[in-house]
Amino acid sequence: MFRNNYDNDSVTFSPQGRIFQVEYAAEAVKQGSVVVGIASKTHVVLVAIKRNAEELSSYQKKLFPIDEHVGIAIAGLTSDARVLSNFMKQQCLGHRLTYGRSMPVRTLVDMIGSKAQINTQHYGKRPYGVGLLVAGVDDHGPHLFEFQPSGMTEEMVAFAIGARSQMARTYLEKHLDKFAECDREELIRHGLRALKESLVQDRELTVDNTSVGIAGAADKAGKVEPFKVYDGQEVAAWIESVADDKEAAPAGGSGEGETMEVDP
Amino acid sequence: MDHRPQAWGRPRDDVYGPYDASYLHTSMPKTATQSPIVTGTSVIAIKFKDGVVMAADNLASYGSLARFTDVKRLRPFLSTSVVGFGGDVSDMQFLDRHLTELAIDEAYEAEGCSAGDVSSSPSSTSSSDSSPNKNGQLNASNLHKYLTKLMYRRRNSFDPLWNQILVAGFDSASQPFLASVDLRGTAFTSPSLATGYGAMLAQPIMRKYAATEEDAARLTREEAVKVVRECMKVLFYRDARSLDRFSLAVVTKDGVEISEDEVLEEQSWAFAERIRGYGTQTV
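These protein sequence lines are chains A and B, in that order.
The UniProt record's numbering numbers the first residue of the first sequence as 1 and each following residue consecutively.
The UniProt record's numbering numbers the first residue of the second sequence as 1 and each following residue consecutively.
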């Protein structure tokens with residue numbers, strides 16, 4: 001079971017200069033189901049595959065709203081994500097109370113980065129076993145951040161974490177240049193296509209296992225689209241618009257997606 | 001060995017004598033600032049169509065003694081807002097250092113964000129308009145909210161910061177913003193505001209020009225500056241703790257302009273002779 005003598009705690013380096021506990025935490029992220037995030041100039045979306053423990057059980061939520069303007073997608077230990085999500089909610093609320101504005105996304109991400117890093121440097125603590133994609137909008141526009149258990153945070157144009165996420169990342173890299181100019185619906189479809197790439201054989205996107213979360217930056221009138229998570233029937237039209245047979249005839253496919261707008 | 005845990009780690013009573021806890025039981029409650037010592041008098045401010053004008057004289061009084069005549073009581077914040085302090089000068093200096101720290105933190109964060117903007121990041125959005133709020137830094141309204149919380153917290157710990165503060169700048173909708181907060185954390189806004197003696201003497205004059213937001217939105221910068229200068233003159237005539245040298249700040253979308261050595265001009269003391277009890281009189 002043990003790989004070596006240097007993985008008992010997160011304060012001991014291996015002779016090769018590695019900290020195995022932190023690397024194992026990164027493995028925990030890869031066990032979680034895949035989540036994808038993409039940012040354009042106007043919007044940022046998160047899409048996720050939900051898992052159910054067994055046929056009879058419900059699906060584990062993957063996307064969580066943090067504040068009006070921020071949401072997260074999680075991959076890894078859900079219970080660790082709960083701690084981080086509660087912390088982020090409190091910080092955002094506190095910032096709103098003291099300054100009367102929404103917290104800048106980078107400030108928020110830096111806070112969880114520092115919090116997670118401390119866990120990798122104290123004896124008796126363990127790193128968080130969860131990776132996050134943090135999506136939000138602020139005065140600088142839409143943002144997408146990746147958060148790793150090591151405490152590393154990075155701003156991304158598009159990213160995917162979780163099981164088989166490499167397939168999704170390959171898709172994202174291929175279409176990287178298009179994202180900036182995408183509108184809301186196109187961005188969601190790109191997200192869902194990336195998600196489909198990472199699915200195992202004979203599994204597919206359904207209204208039960210797919211979550212979509214969106215936030216939009218302030219438009220010309222200064223109106224911000226708050227972060228909102230869409231589940232169940234709300235995502236049916238989007239899933240339909242990226243169905244394999246629709247993709248074969250792109251003209252009809254995209255038209256279908258536009259007409260089946262599900263915004264309430 | 002003493003088996004009682006509360007005795008562990010303490011000097012032994014049989015060697016050092018019993019512990020002297022008398023310092024913990026003072027006869028008086030803990031006291032903090034009970035009254036201001038060195039004080040600044042009025043701060044006045046009025047909105048106009050593209051910003052806010054604020055003024056305060058350069059005097060710090062020690063009681064009725066005009067002790068310091070070169071104290072700057074207006075300070076810019078992030079070159080988008082102005083804060084004016086009335087009341088205790090040491091508390092003003094504390095707040096000044098505190099706000100400097102806050103501004104540095106804020107500037108670092110903004111730098112981090114804009115560094116992201118320069119690269120291929122998608123976040124360099126359509127925020128092309130040059131309004132002061134779009135840089136994502138704290139605007140005057142945010143700053144005022146923060147100062148309100150700070151002042152109210154200090155009041156609740158019975159250690160108030162003995163100031164009344166005016167904050168001028170722009171709100172998140174890029175409209176001129178002017179608000180006040182005092183040592184109790186009481187906060188309000190108005191098209192024109194004045195602290196201390198100014199609330200009695202200058203406020204009625206400023207209200208003649210800007211009674212409502214609509215009136216203020218019609219005032220030009222020149223008119224607003226003229227009104228404020230007039231008010232400073234009236235204050236110098238009638239407020240015994242005032243000075244004829246003052247600072248004048250104008251906040252617009254282009255930034256903050258503060259001139260710190262303004263002098264009252266065209267004074268006329270003719271009225272003084274007609275008032276019994278005003279100034280030195282031989283009768």
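Built from N, CA and C at the ideal position, the CB exists for glycine as well.
Bear in mind the structure is a predicted one, so any value in this text is a computation, not a measurement.
- Task: Would you give the residue range spanned by the alpha helix (DSSP H) that F236(B) belongs to?
- Result: Indexing the second sequence from 1 puts residue 236(B) at position 236. F236(B) -> alpha helix (DSSP H) spans R221 to R238.
- Proximity below 7 Å, CB of Q148(A) to CB of G131(A): Stepping through the first sequence from its first residue, residue 148(A) is reached at position 148. Stepping through the first sequence from its first residue, residue 131(A) is reached at position 131. Cβ distance < 7 Å, so Q148(A) and G131(A) count as in contact.
- Please say whether E111(B) and L138(B) have beta carbons closer to each other than 7 Å? Within the second sequence, the letter at position 138 stands for residue 138(B). Within the second sequence, the letter at position 111 stands for residue 111(B). No, they are not a contact pair.
- Just curious, the alpha helix (DSSP H) that V22(A) is in, first and last residue? Within the first sequence, residue 22(A) is the residue found at index 22, counting from 1. Counting along the chain, the alpha helix (DSSP H) containing V22(A) begins and ends at F20 to Q31.
- Message: Quick check on Y146(B) - is its C-beta less than 7 Å from some C-beta in chain A?
- Response: For the purposes of this step, residue 146(B) is identified with residue 146 of the second sequence, where counting begins at 1. Yes, Y146(B) counts as interfacial toward chain A.
- Query: Where do the ends of the beta strand (DSSP E) carrying H143(A) lie?
  - Reply: As a first step, residue 143(A) is located in the first sequence; it is residue number 143 there, counting from the start. From DSSP, the beta strand (DSSP E) with H143(A) extends over G141 to F147.
- Taking Cβ-Cβ distances shorter than 7 Å, what residues in chain B pair up with T107(A)? Taking the first residue of the first sequence as 1, we reach residue 107(A) at position 107. Neighbours of T107(A) on chain B, chain order: E109.
- Task: Mind listing, in chain order, the continuous beta strand (DSSP E) runs of no fewer than 3 residues lying wholly within the segment 147-221 of chain B?
- Result: 163-170, 176-181, 187-189 and 192-194
- Query: Taking Cβ-Cβ distances shorter than 7 Å, what residues in chain B pair up with G100(A)?
  - Reply: For this step, residue 100(A) is matched to residue 100 along the first sequence. By Cβ distance, chain B contributes S141, N142 and K145.
- Message: By the three-class DSSP mapping on this structure, what secondary structure does H144(B) have?
- Response: Along the second sequence, one-based indexing puts residue 144(B) at 144. Helix at H144(B).
- Can you find a C-beta in chain A that's less than 7 Å from the C-beta of K233(B)? For the purposes of this step, residue 233(B) is identified with residue 233 of the second sequence, where counting begins at 1. Cβ-Cβ to chain A under 7 Å: no for K233(B).
- Message: Excluding the 5 residues flanking P104(A) on each side, which residues of the same chain have their C-beta closer than 8 Å to its C-beta?
- Response: If you number the first sequence from 1, residue 104(A) lands on position 104. Counting only Cβ-Cβ distances below 8 Å, and skipping sequence neighbours, we find D138, D139 and H140.
- Out of curiosity, what's the CA-to-CA distance linking D244(B) and R73(B)? What you label residue 244(B) is simply residue 244 of the second sequence in a count that begins at 1. What you label residue 73(B) is simply residue 73 of the second sequence in a count that begins at 1. Cα-Cα distance, rounded: 14 Å.
- Message: Quick check: the Cα distance between M206(B) and A168(B), rounded to an integer number of angstroms?
- Response: As a first step, residue 206(B) is located in the second sequence; it is residue number 206 there, counting from the start. As a first step, residue 168(B) is located in the second sequence; it is residue number 168 there, counting from the start. Computed Cα separation, rounded: 16 Å.
- What are the complete beta strand (DSSP E) segments, minimum 3 residues, inside the segment 163-243 of chain A? 210-216 and 225-230
- Query: Does the separation of the CB atoms of V242(A) and Y230(A) fall below 7 Å?
  - Reply: As a working mapping, residue 242(A) is identified with position 242 in the first sequence. As a working mapping, residue 230(A) is identified with position 230 in the first sequence. Contact flag unset, no.
- Quick one: is K208(B) near chain A, going by C-beta distance under 7 Å? Residue 208(B) sits at position 208 when you count from the first residue of the second sequence. Taking Cβ atoms only, chain A never reaches closer than 7 Å to K208(B), which makes this a no.
- Message: Please confirm whether G136(B) has its beta-carbon closer than 7 Å to some beta-carbon of chain A.
- Response: In the second sequence, residue 136(B) corresponds to position 136, counting from 1. For G136(B), the answer is yes, since a Cβ of chain A falls inside 7 Å of its Cβ.
- Message: Under 8 Å: do the segment 45-53 of chain A and the segment 90-97 of chain A share three or more Cβ pairs, one atom per stretch?
- Response: no
- Exposed or buried, which one is M54(B) when buried takes at least 16 other CB atoms within 10 Å? Taking the second sequence and counting its residues from 1, one reaches residue 54(B) at position 54. Looking at its Cβ environment, which holds 16 or more other Cβ atoms inside 10 Å, M54(B) is buried.
- Task: Identify which residue in I188(A), S165(A) and M111(A) has its Cα closest to the Cα of K89(A).
- Result: Here residue 89(A) refers to the residue found at position 89 when the first sequence is read from its first residue. Comparing Cα positions, the closest option is M111(A).
- Do you know how far the Cα of K62(A) is from the Cα of A73(A)? Counting from 1 along the first sequence, the entry for residue 73(A) is found at position 73. Counting from 1 along the first sequence, the entry for residue 62(A) is found at position 62. Going from the Cα of A73(A) to the Cα of K62(A) covers about 6 Å.
- Item | Extent of the continuous alpha helix (DSSP H) run through T98(A) | In the first sequence, the residue the question calls residue 98(A) occupies position 98. Looking at the DSSP string, the run of the alpha helix (DSSP H) that includes T98(A) is T78 to Y99.
- Using a Cβ-Cβ cut-off of less than 8 Å, list which residues of the segment 147-161 of chain B approach chain A; keep chain order. K149
- Task: Starting from V15(B), trace the alpha helix (DSSP H) both ways and give me its first and last residue.
- Result: Position 15 of the second sequence holds residue 15(B). Where V15(B) is concerned, the enclosing alpha helix (DSSP H) stretches over D13 to Y16.
- Does D67(A) have its Cβ less than 7 Å from a Cβ in chain B? As a first step, residue 67(A) is located in the first sequence; it is residue number 67 there, counting from the start. Output row for D67(A): interface = no.
- Item | Sufficient close CB pairs (3 or more, under 8 Å) joining the segment 53-67 of chain B to the segment 95-102 of chain B | no
- Run the CB neighbour count on Q93(B), radius 10 Å, all protein chains shown included, and call it buried at 16 or more, exposed below. Residue mapping note: residue 93(B) aligns to position 93 of the second sequence, counting from 1. Exposed is the call here.
- Does any C-beta atom of chain B lie closer than 7 Å to the C-beta of P226(A)? Here residue 226(A) refers to the residue found at position 226 of the first sequence. Not an interface residue.
- In whole angstroms, what separates the C-alpha of A28(A) from that of G76(A)? Taking the first residue of the first sequence as 1, we reach residue 28(A) at position 28. Taking the first residue of the first sequence as 1, we reach residue 76(A) at position 76. In a straight line, the C-alpha of A28(A) is about 5 Å away from that of G76(A).
- Message: Just to make sure I have the definition right: I need the residues of chain B whose C-beta is within less than 9 Å of the C-beta of H175(A). Which are they?
- Response: Against the first sequence, residue 175(A) aligns to sequence position 175. Chain B residues near H175(A): none, gap ~13 Å exceeds 9 Å.
- chain B contact residues for D138(A), given Cβ-Cβ distances below 7 Å: Position 138 of the first sequence, counted from the start, is the residue given in the question as residue 138(A). Under the 7 Å cutoff, chain B gives G136.
- Message: Alpha carbons only, please: which of A221(A), F159(A), S79(A) and T206(A) is nearest the one belonging to E234(A)?
- Response: Along the first sequence, one-based indexing puts residue 234(A) at 234. For the residues A221(A), F159(A), S79(A) and T206(A), the minimum Cα distance to E234(A) belongs to T206(A).
- Task: Enumerate in chain order the residues of its own chain whose CB-to-CB distance from V225(B) is below 6 Å, with the five nearest sequence positions on each side excluded.
- Result: Counting from 1 along the second sequence, the entry for residue 225(B) is found at position 225. So the qualifying residues of the chain are V53.
- Query: Buried or exposed: which applies to Y128(A), given that a residue is buried once 16 or more other Cβ atoms fall within 10 Å of its Cβ?
  - Reply: Counted from its first residue, the first sequence places residue 128(A) at position 128. The residue is buried, with at least 16 neighbouring Cβ atoms inside 10 Å.
- Item | Distance, T107(A) Cα to F271(B) Cα | By one-based count along the second sequence, residue 271(B) stands at place 271. By one-based count along the first sequence, residue 107(A) stands at place 107. Cα-Cα distance, rounded: 59 Å.
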